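For the sequence shown, position 109 matches number 108 in this note's numbering, and the numbering has no gaps at all. Each residue gets a CB set at the ideal place from its N, CA and C atoms; glycine is no exception. Computed from a predicted model, the values in this text were never measured in an experiment. Here is the structure we will look at, set down as structure tokens.
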Amino acid sequence: MENNSISAEKEYIVEPWTDTPSSCADNLISPEPLCFQKSINYIKKRQSKIHEVKVDSGANYLEVDLNWGDKNDKLRLITYTPSGSKLETNRDNADGRINGRIHVNILPSKGDMQQGTWQFKIYGEDVSGKEGYSFNVYQH
């Protein structure tokens, strides 16, 4: 039997968020997303916080919104699929702007999103004191 090095893991595309509604109540373009997680937290320099979100069947893509508002502080967002694969690391300029916010869509290259628990690691790369942030994940 031939040893094939191609992984069975789904490939994902992480792209800048486009200007479509992100509020559950305001989404008129596609069916209302299910707000999986909405939280407000604080982070310090070199501290990591992990948020877990359960994705069920039928999700076409995830909209991830990390907002801390202070463009002088630097946070990173690292996403892990339910199978443990690490997607790209996102920084403040992921959407082409430096504005204290990482707002991206995660889309599978084929088919539906992988079901299971997704992990989102937020890292305080360069934070002055304690930085407050909101973290929201929407399933579309």
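- [ ] Tell me where the beta strand (DSSP E) around Y122 begins and ends.
- [x] 115 to 125
Task: C-alpha gap between Q138 and K85, whole angstroms - done: Spanning the two alpha carbons is a distance of roughly 19 Å.
TODO: State buried or exposed for G57, treating a residue as buried only when at least 16 other CB atoms are found within 10 Å of its CB.
DONE: exposed
Task: Residues of its chain near R75, where Cβ-Cβ distance is below 6 Å and the 5 sequence neighbours each way are ignored - done: T88, R90, Y122, E124
TODO: Examine chain B for any beta-carbon lying closer than 7 Å to the beta-carbon of N89, and answer yes or no.
DONE: The structure shown has no chain B; it contains just one protein chain.
TODO: On a CA-only basis, which of S82, L65, P81, T78 is nearest I97? Give me that one, please.
DONE: L65
Task: Cβ-based neighbour list, Y144, same chain, cut-off 6 Å, excluding 5 preceding and 5 following - done: For residue 144 there is no data in the structure shown, the boundaries of the chain being 0 and 139.
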